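First up is the structure itself, then whatever we jot down about it.
Residue numbers (my numbering): 12 to 276.
Next comes the structure, spelled out in structure tokens:
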């Protein structure tokens, strides 16, 4: 567990300042908020840019440029998490049917990996619509656990916590995230997986490899949606429930029932 170099708060997924290289919590991630020793570099790196359009219709040039400079880091974290998840979920074939391992690795990347990435990007883009700062950060320990469980169980059991999309108010907007906005931002992730499950289901009437991709993509994305709607801890379900019990019920119950009939009957 890392601590914020400014306030000492423990952070599971800390934000590393690209200028002073110290770790910070989301509240003190910006150079101005942690009295960065190299603040002059941050100011120099910012150039005029078009304003970020959000539902709040405010101009956030400096914050947008700072986020824009970190896109490469975010892409790298998403790519690493995607590859590790794809490998972990296809590892069972390496032990049992090594001749088709590479084929199943590709299918895992397309089904599990794609479901994970689009889920996280849905959180990110919906948060940005509200004018919030949002970036994905992988969890090295979470990814390591996925590989450890996969190897120990021979690929039959996998516990993965690949990372999360960190969301925080912009320095130029509000000082907190409202329950409604947080609930909506959290809800779009599982709903995106439901939409992906439907798209993969459209492939199931075809035969051969396409049908296999369709079946796996449908089941995995439906399971991801159901799991993330559990109202516990930091999962999406807890944030949706905190916002609206009614919306959580009408979304979560049908998805859970679908998963129950699909996997257990």
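Where a beta carbon is used, it is the ideal one built from N, C-alpha and C, also for glycine. These figures come from a predicted structure and were not determined experimentally.
Mapping the DSSP letters down to three states, classify residue 241 as helix, strand or coil. Note: residue 241 maps to coil in three-state DSSP.
Roughly how many angstroms separate the alpha carbons of residue 174 and residue 92, rounded to a whole number? C-alpha separation (whole angstroms): 8 Å.
Sorted by chain position, which residues of the same chain lie with C-beta nearer than 8 Å to residue 221's C-beta, five sequence neighbours on each side aside? Correct list, in chain order: 214.
So residue 177 is in the beta strand (DSSP E); what residue range does that whole segment cover? In this chain, the beta strand (DSSP E) harbouring residue 177 covers 174-179.
Does DSSP put residue 40 in a helix, in a strand, or in coil? Three-state DSSP puts residue 40 in coil, outside helix and strand.
Between 42, 193, 180, which has its C-alpha nearest residue 251's C-alpha? Ranking 42, 193, 180 by Cα distance to residue 251 puts 193 first.
Cα-Cα separation, residue 266 to residue 202: Going by the C-alpha atoms only, they are around 10 Å apart.
Buried or exposed (CB count within 10 angstroms, at least 16 for buried), residue 259: Under a 10 Å Cβ-count criterion, residue 259 is classified as buried, with 16 or more other Cβ atoms of the shown protein chains found around its own Cβ.
Do the segment 143-155 and the segment 224-231 make contact, defined as three or more Cβ pairs closer than 8 Å? Judged by Cβ distances under 8 Å, the segment 143-155 makes no contact with the segment 224-231, as fewer than three pairs qualify.
For the ligand MN, is there any heavy atom lying closer than 8 Å to the beta carbon of residue 28? Ligands are entirely absent from the displayed structure, and the ligand MN is therefore not among its contents.
Using 8 Å for Cβ pairs, my map puts residue 30 next to residue 47. What's the rounded Cβ distance? Contact annotation, residue 30 with residue 47: C-beta distance approximately 6 Å; criterion of less than 8 Å satisfied.
Would you call the CB atoms of residue 134 and residue 196 closer than 9 Å? Residue 134 is a Cβ neighbour of residue 196, given a cutoff of 9 Å.
Minimum C-alpha distance to residue 236 - residue among 148, 149, 209, 45: Proximity to residue 236 across 148, 149, 209, 45 peaks at 209, based on C-alpha coordinates.
Please name the residue, chosen from 233, 106, 110, 262, that lies closest to residue 125 on a Cα-to-Cα basis. For residue 125, the nearest C-alpha among the options comes from 233.
Which of helix, strand or coil DSSP assigns to residue 114: DSSP, read as helix, strand or coil, puts residue 114 in helix.
Can you have a look at residue 2 and say buried or exposed, based on whether 16 or more other CB atoms are within 10 angstroms of its CB? Examination of residue 2 is not possible in this model, given that the chain is present from 12 through 276 alone.
What is the rounded straight-line gap between the Cα of residue 168 and the Cα of residue 26? Roughly 31 Å separates the two Cα atoms.
Taking Cβ to Cβ, would you say residue 100 is nearer than 9 Å to residue 165? Contact flag unset, no.
Residue from 273, 262, 261 whose Cα sits closest to the Cα of residue 229: Cα-wise, what sits closest to residue 229 is 273.
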